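Protein chains in written order, with our numbering: chain D, 172 to 406; chain L, 172 to 406.
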DNA sequence: GTTATTTTATGCTTTCAAACATAAAATTAA
DNA sequence: TTAATTTTATGTTTGAAAGCATAAAATAAC
């Protein structure tokens, strides 16, 4: 990665973030501009840890981030996969709690932070904006309870198939129309799908043998979307 | 149950609901009063079904309600247990989606509904109230992801112990300081803890043999809170 | 009060996924 | 480069929980 990537164009990052808030008044935008900071994270670096106190609203401007909770036997559970441009860690901010998951960069990433009090001040005077955020948090709560059910009730094949579809829908496909545009380790794939690494590897090999996917290291090509969806649906 | 229970005192129910909104202006309270309806549900009756469209903000004024999603193999997953005075179904309302779970009365219950547009109109003009709701939905999202991890990673004993603690903390104890103040069937207990009914029965018997709890039909007495918490924590 | 039906209780069997054990391949470091 | 470490790949064993069967108990229906 070239050195120049370290130079972040704050203004363009800021404009990207503002794109997520449709009807911001000029004075609100001004407050945000004055209270934003940017940070660069290399692949594998921790953006924040479970238990840390939120200092502001964190926005992922570039890169990919996984959010995971440490589980019972030290086994991690990935609870969310973030893509740009989008927020991370807002749940804890709005709940006035410490972070309930750790955020780690999966690729070199750019993150900017809008200072907590500045942002909450905007919310307190903008019911429409707050209602929009409420809507998206409520939507996410729906995803979460859905996820609880599928992770607990589907069998290994169904869970892995669902994860692959989820990754495809979240990050999209490469230009070939087949390769999932994110390159996770088998361990991450396992932690996303609630299974051991061995089982992720085994089940993935199984899918490849059946011709549903094609494997090339961490690159996963979906050859038969329909069949993959069937595997996911059957559980 | 006596016939007179069917006569609901709407005004007192309304005052109870308003208690959940601390700083409501008189005119807002007026709008709510004009847009509220009450309904009585007998034990076992369905308040709304997964897939139904919310007509308003539903408040449980009296009784107990379980919220469950139909799982993969017809196995239900209880996603929430509601107690009075509190709301149910608000997630779908705020997400502008259909209900993602079914609400069923566990006891004879009184429910009141604040008409959707009236309530959303109040929210659109009251950022403070909206922010309060955002906070509680964000808190619940935290519970939900926590739950995903424990339901997937803890073993049967840990999951059941956690459920018993959850029920104790949600509904409290009878005057004896031991008996959990809710009487679920073994099947409900299983659906809450992500296990089969047989395993709920088996594991419950195990706890009783070990002297952690005492069973008397559906009545569950917690004899050793500390040990129950240890079982839950160890997973 | 008697009959059905549902719920609870236990034993036995099966199965799916975890745990363990290597080993090969791919990265990273020296 | 070579060595060290991590990741990926498979085979084997073990174990926890589901599935099934049956019966007793409790509850509801008649």
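Built from N, CA and C at the ideal position, the CB exists for glycine as well.
Only a predicted model underlies this, so the values are computations on that prediction, with no experimental measurement involved.
Within chain D, no residue has its CB atom less than 9 Å from the CB of residue 352(L), the nearest being about 25 Å off.
At the C-beta level, residue 248(L) and residue 320(D) come within 8 Å of one another. Assignment of beta-bridge partners to residue 228(D) by DSSP yields 285(D).
Residue contact with chain L for residue 358(D): absent (no Cβ-Cβ distance below 8 Å to any residue of chain L). Residue 329(L) is classed as buried because its beta carbon has at least 16 other beta carbons within 10 Å across all chains shown.
Beyond the five residues adjoining it in sequence on each side, residue 230(L) comes within less than 6 Å, by CB distance, of 188, 258 and 283 in the same chain, given in chain order.
The alpha-carbon of residue 376(L) is positioned some 23 Å away from that of residue 277(L).
Beta-bridge partners of residue 211(L) (DSSP): 281(L). Assignment of residue 247(D) by DSSP, reduced to helix, strand and coil, places it in the strand class. In this structure, the alpha-carbon of residue 207(L) lies about 14 Å from that of residue 225(L).
For residue 352(D), no alpha helix (DSSP H) segment is defined, and its DSSP state is neither H nor E. Secondary structure of residue 305(D) (DSSP, three-state): helix.
Interface flag for residue 373(L) against chain D is unset, since no Cβ pair is found closer than 8 Å. When Cβ-Cβ separations below 8 Å define contact, residue 324(D) makes contact with chain L. Proximity of residue 317(L) to chain D, defined by a Cβ-Cβ separation below 8 Å, is satisfied. Within its own chain, the residues whose Cβ lies closer than 6 Å to the Cβ of residue 220(D), once the five positions on either side in sequence are excluded, are 273, listed in chain order. Between residue 400(L) and residue 311(D), the alpha-carbon positions lie close to 30 Å from each other. Segment contact: the segment 301-308 of chain L against the segment 376-388 of chain L, fewer than three CB-CB distances shorter than 8 Å; contact not assigned.
With at least 16 other beta carbons inside 10 angstroms of its own, residue 240(D) counts as buried. Between residue 232(D) and the set 268(D), 270(D), 182(D) and 197(D), the nearest pair of CA atoms involves 182(D).
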